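Colleague:
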Amino acid sequence: MTKLTDQSLLKTASYWQGEWHDADSNFEVINPANGDVIAKVADSTATAAEKAVAAADKAFAGWAARPASERSELLLRWQQLLLEHQDDLGLLLTLEQGKPLAEAKGEIAYGASYMQWFAEEAKRVYGDTIPAKSGDQRIVVIKQPVGVVAAITPWNFPNAMIARKAAAALAAGCTFVVKPAQLTPLSALAMAELADRAGIPAGVFNVITSTDAKAIGDVLTQDKRVAKFSFTGSTKIGKQLAKQCAGTVKRVSLELGGNAPFIVFADADLDAAIDGLMASKFRNAGQTCVCTNRILVQQSIVEPFTEKLQQAIGKLKLGKGTDDNVDIGPLINNDACDKVDKLLHQALAMGAKLHCGGKRQATDSLFYFPTLVTGVNNDMAVAQDEIFGPVAAVQSFDDEAEAIALANATDSGLAAYFYSRDIGRCWRVAEALQYGMVGVNEGMVSNPTAPFGGVKQSGYGREGSKYGLDDYLDVKYLCLGGLDK
Ligand code: ADP
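Numbering (the numbering used here), first residue to last: 1 to 485.
(1) Nearest to Leu82 by CA position, among Gly468, Leu194, Asp57 and Asn34, is which residue?
(2) Looking at the ligand ATP, does it come within less than 7 angstroms of Trp155, judged from the CB to the closest heavy atom?
(3) Of the residues Ser280, Gly351 and Pro201, which one's Cα is nearest the Cα of Arg77?
(4) Please identify the residue among Ile142, Glu120 and Lys133 whose C-alpha is closest to the C-alpha of Gly127.
(5) Can you tell which of Leu10, Phe452 and Ala405 has the C-alpha that lies nearest to the C-alpha of Glu431?
(6) Please report the distance separating the alpha-carbon of Lys491 from that of His21.
(7) Round the Cβ separation of Asn156 and Leu93 to the nearest angstrom and send it over; I've been treating them as touching at under 8 angstroms.
(8) Per DSSP, which one or two residues make a beta bridge with Phe262?
(9) Does the distance from the C-beta atom of Val41 to that of Val53 stay below 8 angstroms?
(10) Out of Arg421, Ala59, Gln137 and Val394, which one is the CA nearest neighbour of Val373?
(11) How many angstroms separate the CA atom of Glu255 from the CA atom of Gly459?
(12) If distances are taken between C-alpha atoms only, which option among Ala246, Glu463, Lys485 and Leu478 comes closest to Gln144?
(13) Can you determine whether any heavy atom of the ligand ADP sits closer than 7 angstroms to the C-beta of Gln182, and answer yes or no?
(14) Does Arg294 pass the burial test, meaning 16 or more other C-beta atoms within 10 Å, or should it be called exposed?
(15) What do you reckon, is the C-beta of Gln222 under 7 angstroms from a heavy atom of the ligand ADP?
(16) Measuring alpha carbon to alpha carbon, tell me which residue in Lys476, Leu469, Gly481 and Gly238 is nearest Ala169.
(17) Would you say the beta carbon of Gly321 comes nearer than 7 angstroms to a heavy atom of the ligand ADP?
(18) Taking only the alpha-carbon atoms, compute the straight-line gap between Asp218 and Cys426 and give it to the nearest angstrom.
(19) By Cβ distance below 6 angstroms, which residues in the same chain neighbour Val429 in space, the five residues on each side in sequence not counted?
(20) Can you check which of these residues, Leu277, Val340 and Pro67, is closest to Gln311 by C-alpha distance?
(21) Around the C-beta of Pro100, are 16 or more other C-beta atoms found within 10 angstroms, so that it is buried, or is it exposed?
(22) Taking the beta strand (DSSP E) that Tyr368 belongs to, which residues open and close that run?
(23) CB-CB under 7 angstroms to Pro330, same chain, minus the five flanking residues each way: which ones, in chain order?
(24) Out of Asn259, Asp275, Lys51 and Ile328, state which residue places its alpha-carbon closest to the alpha-carbon of Asn378.
(25) Using alpha carbons as the reference points, say which of Asp338, Ala104, Val207 and Thr5 lies closest to Phe388.
(26) Of the residues Gly62, Asp36, Arg66 and Tyr15, which one's Cα is nearest the Cα of Asp43?
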């Protein structure tokens, strides 16, 4: 493996109670760009997960009792260390996940930005006083951390999906246990190492690595000591885990799959729309839950739009994330490539037209050519399933009402985008789209100041923004009586 400047950021054991814990067996972490084994990581068991929960439970009271300003300072220290080690952390992330190095470093900065944001928000957990019904009473509302938070995170953002949750949890005064995706545990473990160096107390941030997602998930969703469960991943697993949480009535946040429409009206600035689309479609090789899945283009501009889009796609460079100037890295694994291929070929069989790409670089290669297909319709699986790959699938519509109806014809409701220069239309469409996030003449909407999250079957709960702490706080009402005696 390419050497890190600080080799001690490469950790291979689970981390709880401020200590590293090996397991009886290990699993391999594979570089998707070349199939190399990067590291062998502890395959921890349910017993380990219980120990991590116990550590978080033990640390909770002390952490919650720390003044918010102290928690804030520790989070800032952690953030600074992430930025100081951005090159190493970015390299580690590219090696295990595949995305181009510039994007990986961008993810580290993005993750760190949530730590900074919530370090600031920690100091602003305000309560309320409410006029009481009777003169001898006073009503006061305070906010308190919910307790131990458990999280399960996906492989597409191995750093940021953890940072986004942990920063909010720790800022609120909660302690945290995370099971990262089996495919990308190294970024999570490097974060634990830096949490340790930052002086985050033992038991406050814990990481369990494992191939047995179900066994670990059972503990994290069913242990009574866990007060809140936060999940980012597929809709199917999210639904199952939410059910498991019902047994102990845990607070739950879910950030599940999307099926983002990207609508281009005839009155749009086409070049701006192409720029926004390229960012939203091809980032991370199309493997994000807010990636454009369906490109809806008004009939009268389909031809010029397709031409411009094909030109832009033609400029994308496919290659190893560690090579220079690469735009698109490998997909995460063989199943991901097979899924993309299947969706595309179903669409072609149903009459869609291929303009470029449409295959892997070589048999068994995980590098999939950026692809453009037109003549898609909402009945095709490519429009209904999350593609999670570099396939731009274009369909057409006649008028605004049809665009809105097509865009909303899905069970998902995470992100949507549209381009128009008409201010009235911008308001109408923004309000009509049944999505948690809408980019209006904008293809990248995610940042720590804004609430990230979905509606419908894309989940509930918000990450980032002034709303982001709410998921980690209980509202407590104090009624002070007998004041006239
Ligand atoms: P994806 O298809 O993107 O991998 P998943 O929902 O399968 O999405 O995975 C997201 C996270 O959920 C990963 O950390 C994975 O290990 C975990 N996971 C998968 N299946 C289960 C399960 N049955 N119980 C708990 N966690 C699971």
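Beta carbons: idealized from backbone N, C-alpha and C, even for Gly.
Quick caveat: nothing in here was measured; it's all calculated off a predicted structure.
Modeller: Answer, in terms of the structure:
(1) Leu194
(2) As for the ligand ATP, it is missing from this structure, which binds only the ligand ADP.
(3) Pro201
(4) Ile142
(5) Ala405
(6) Nothing about residue 491 can be read from this structure; the chain reaches only from 1 to 485.
(7) In fact, because the Cβ distance is near 11 angstroms, the residues do not count as touching under 8 angstroms.
(8) Ile295 and Tyr417
(9) no
(10) Val394
(11) 5 angstroms
(12) Leu478
(13) yes
(14) buried
(15) no
(16) Leu469
(17) no
(18) 45 angstroms
(19) Phe418
(20) Leu277
(21) buried
(22) Run containing Tyr368: none; DSSP gives neither H nor E here.
(23) Pro32, Ala33, Gly98, Leu366 and Phe367
(24) Asn259
(25) Asp338
(26) Tyr15
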